[in-house]
Amino acid sequence: MVEKRKPMTRGRIWFEAIAGKQAKLVPTVPSVLVADALLQNERTRILSIVPDPDNPFPCARQGQVGLREAWNLARQVRDVIEADEDREKRAIISIVDVPGQAYGRREELLGIFLAAAAATDAYVSARLAGHPVVSLLAGHAISGGFLTHGAQANRLLAFKDAGVMIHAMAKNAAALVTRRAVEELDLLAQKVVPMSYKIEDYAKLGTLYKLIEGVNVDSPEPKHIEQVRTDLLAAVADARSGPRDLSNRLQSESARKYRSATLEVRRRLAEQWHG
Amino acid sequence: MNRATLLDPGRFLARKSFIELNARERSQSLLDDGTYRELLGPFDRLESPWLPMQGVVPQADDGLIVALGKIGGKDSVILAVEGQFQGGSAGEVSGAKMTAALDLAHEDARNGRPIQVVLLLETGGVRLQEANLGLEAIAEINSSLVTLRRHAAIVCVIAGMVGCFGGMSITASLCSYLIMTREARLGLNGPEVIEEMSGIDEFDAGDRQLIWSVTGGEQRHATGFADYLVEDDVEAIKQCIIEAFHRGVPSRNRSEQVEGYLRDLAAIDVSHQLESSEVRKLWSKRENR
Amino acid sequence: MEKFTLEYPASKAVRQRAHVGVVGSGDLEVLIEPSLDHKAHVTVMTSVDGFGKTWQLVLDRFFSRYHAAAAIEIHDFGATPGTVTLRLEQAAERSLS
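Chains A, B and C, in that order, are what the protein sequence lines are.
Positions 1 to 275 (our numbering) are the ones given, in order, by the first sequence.
Positions 1001 to 1289 (our numbering) are the ones given, in order, by the second sequence.
Positions 2001 to 2097 (our numbering) are the ones given, in order, by the third sequence.
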């Protein structure tokens, strides 16, 4: 019997690449890939979202983060927190390739916003418990999908590649909502850095720990996979050495330039709060 | 489950609409008389650095009010989104104000200065003119909220008419208690976006009754997503907030009830389109606490 | 979007700063602060282009009655002259009380 071919998305490619052949797969639902793997000497749990063409939810069949995906992410991350309660906190690695959240009536009726909150809660709780949480942005990281899976990491890594796109809304939808042509949005993005769809511009905002260059993201060579594993481990070590919040995202020179308004707000509010 | 509502005839005549007030007026109406102190107000001129370069007129407080004061005699901070400014969308500055306030409240709570935190959310989510900084702002708000929530109860009010959508619907769901009016709506995706992404059969954005039957306060309360359904009345909302704070920090938040929701979702047949009445029947007896 | 400034002669400084309004569709916000040079300065940022003359008229009329030395900032999102006048008067009232 021929097994239905699973679509080889970046979410699957990089899940398999990082986890490696020795990883122990954790059974969950087909759209959520989970593996416990030893990266050098680091115990890790690796999570990724992939398309499930047979998803019972019709609006979540192309890799979107829907109800099943979000609640299962929450469970898989909480399992780690519980299992490691009295031992060393293993690293949690999120492979991010999500076109966005699932857009459907079932999703709204059954509370996809709460499911997304549950996954967010789990990731933040893991960080607060001392687990280094690291995200590898390998493909798309859009809107609610990214907020749910990936955005809460201690350290964010992304490939410098045209297929890596972080944004608040898919381009065609953004064009519709802002009543502008797609070409207009592109022009605007050249002037307004946070509106850009390019990863090089996203990197300017200062939230990334590392922008990884020189890797064929769709078809990586073994030596590059090994390099990415090393980068992830460096991120894990860096996370372990620092605070458990997201303050590191405001510390780079780039952040001081492109998020200067944020820094000023924080400084002045503290003054007035205690005044 | 508490259903704090209604209305005797005497009170009805004295009713004051909360929805008709702007964010600043809402904040003032909820704080005890004479205790209102606004931080980083319009005269501090912390405006959006990104809007003017696109030809969009900024608002001097960037659409987010931070107001310290007392509610029911207890130290409180209200973070109110101005829904009339750019649809209440989260930009770099408005988001930073919210995160910074949550972090300062956390510091206070941990240093023996308890504070009640109220979020008034009237928002469509990320401000598209600031896209990735709006997205980042919401991620940081959510992180600070989960961090604060262990030490201090956070009450969220969604009153309408903008409602609470996009990434901020995640924010609303992370709060300790959620209060909604009938006029309010809560959803991850707005009706137009669902229609655009999944087709008009999936969601007809022109059907107002459908919109409220799916995302409206009454439905959300009836299916266990909101803790309180309250009248559009300043006094009723204030009393509801006080009652919620009286319950203290929840031992278990809705966003932590993973096993329960996984089980309940698995029990539903989603092979056909769902109707709001069906979900009400299935989830009207959900045990939330 | 258009931005312009106007100046008017004034006598004594306004008593206290005041703020009214919201930058919503068809509305505007007005910020009034004391000015120290015996003049009133008005800065207008408006989302609607081409109405310079109308703004001039509305502001001329307002300053014929309001003589405080104030720095006034207006953020307008398409309000009618009537609404602009209303908000200016509300802000003025608060600044003089």
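The C-beta atom is built at its ideal place from N, Cα and C for all residues, glycine as well.
Since the structure is predicted, the reported quantities are computational estimates derived from the model, not experimental observations.
Cβ distance (whole Å) where residue 101(A) is taken to contact residue 139(A) below 8 Å: With 8 Å as the limit, residue 101(A) and residue 139(A) do not qualify as a contact, their Cβ atoms being about 15 Å apart.
Cβ pair count under 8 Å reaching 3, the region 2035-2044 of chain C against the region 1274-1282 of chain B: no
Proximity winner among 1141(B), 1275(B) and 1200(B), relative to residue 1094(B) (alpha-carbon distances): 1141(B)
Cβ neighbour criterion (16 or more within 10 Å) applied to residue 1002(B): With a pLDDT of 42 at residue 1002(B), under the threshold of 50, the predicted position of this residue should be treated as unreliable, though the coordinate-derived value follows. Classification of residue 1002(B): exposed, given that the 10 Å Cβ count is below 16.
Runs of beta strand (DSSP E) wholly within the region 75-150 of chain A (minimum 3 residues, chain order): 91-98 and 133-142
DSSP three-state assignment for residue 20(A), whether helix, strand or coil: coil
Positions along the region 2024-2050 of chain C whose CB lies within less than 8 Å of some CB in chain B: 2024, 2025, 2027, 2029, 2031, 2033, 2045, 2046 and 2047
Test: residue 290(A) CB closer than 7 Å to a CB of chain B: Outside the displayed range of chain A (1 to 275) lies residue 290(A), so it cannot be described from this structure.
Whole runs of the alpha helix (DSSP H) within the region 1072-1157 of chain B, excluding any shorter than 4 residues: 1092-1110 and 1131-1149
Neighbourhood of residue 1185(B) by C-beta distance below 6 Å, restricted to the same chain and skipping five residues each side: 1163, 1215 and 1216
CB of residue 1169(B) within 7 Å of CB of residue 1127(B), strictly: no
Extent of the continuous alpha helix (DSSP H) to which residue 1276(B) belongs: 1276-1283
Residues near residue 1004(B) in its chain [Cβ-Cβ closer than 8 Å; skip 5 each side]: The predicted position of residue 1004(B) is uncertain, since its pLDDT is 45 and thus under 50; no value can be drawn from it.
Interface positions of the region 38-66 of chain A facing chain E (Cβ-Cβ less than 7 Å), listed along the chain: The structure shown has no chain E; the protein chains it does contain are A, B and C.
For residue 2009(C): DSSP bridge partner residues: 2039(C)
Inter-residue CB distance, residue 175(A) and residue 187(A) (contact presumed, cutoff 8 Å): Between residue 187(A) and residue 175(A) the Cβ distance is about 12 Å, and since that is not below 8 Å, they are no contact.
Three-state secondary structure assigned by DSSP to residue 1188(B): coil
Spatial neighbours of residue 2100(C) in its chain, beta-carbon cut-off 7 Å, leaving aside the 5 residues before and after: Absent from the model: residue 2100(C). The displayed extent of chain C is 2001 to 2097, so no value can be given.
Backbone secondary structure at residue 48(A) - three-state DSSP: strand
Same chain only: Cβ atoms within 8 Å of residue 1018(B), ignoring 5 sequence neighbours per side: 1026, 1029, 1159, 1181, 1232, 1233, 1234 and 1237
Contact list for residue 2015(C) against chain B, beta-carbon separation under 8 Å: Within 8 Å Cβ-Cβ: nothing; residue 2015(C) doesn't reach chain B, min ~15 Å.
Exposure label - residue 2061(C); buried when at least 16 CB within 10 Å: exposed
Residue burial classification, residue 1033(B) (beta-carbon count within 10 angstroms, cutoff 16): exposed
Identity of the residue in 262(A), 147(A), 7(A) and 17(A) nearest residue 230(A) by Cα: 17(A)
Through-space distance from residue 146(A) to residue 1253(B), alpha-carbon basis: 22 Å
Alpha carbon of residue 136(A) to alpha carbon of residue 29(A), nearest angstrom: 21 Å
contact_flag[the region 1092-1108 of chain B, the region 149-167 of chain A] where n(CB pairs < 8 Å) is 3 or more: no
Proximity test, Cβ basis, 7 Å: residue 1059(B) and chain C: yes
Chain B residues whose Cβ lies nearer than 8 Å to that of residue 106(A): 1270, 1273 and 1274
Reduced DSSP secondary structure (H/G/I, E/B, other) of residue 1180(B): strand
Beta-carbon spacing of residue 1057(B), residue 2023(C) below 7 Å: yes
For residue 206(A) and residue 259(A), believed in contact at Cβ under 8 Å, the rounded distance: 6 Å
Residue 1284(B) at chain A interface by Cβ criterion, 7 Å: no
Residues bridged to residue 1221(B) [DSSP beta-bridge criterion]: Answer by DSSP bridge pairing: none, since residue 1221(B) is not bridged.
Given 8 Å, three or more beta-carbon pairs between the region 1052-1071 of chain B and the region 2081-2096 of chain C: no
Status (buried if at least 16 other CB within 10 Å, exposed otherwise) for residue 244(A): buried
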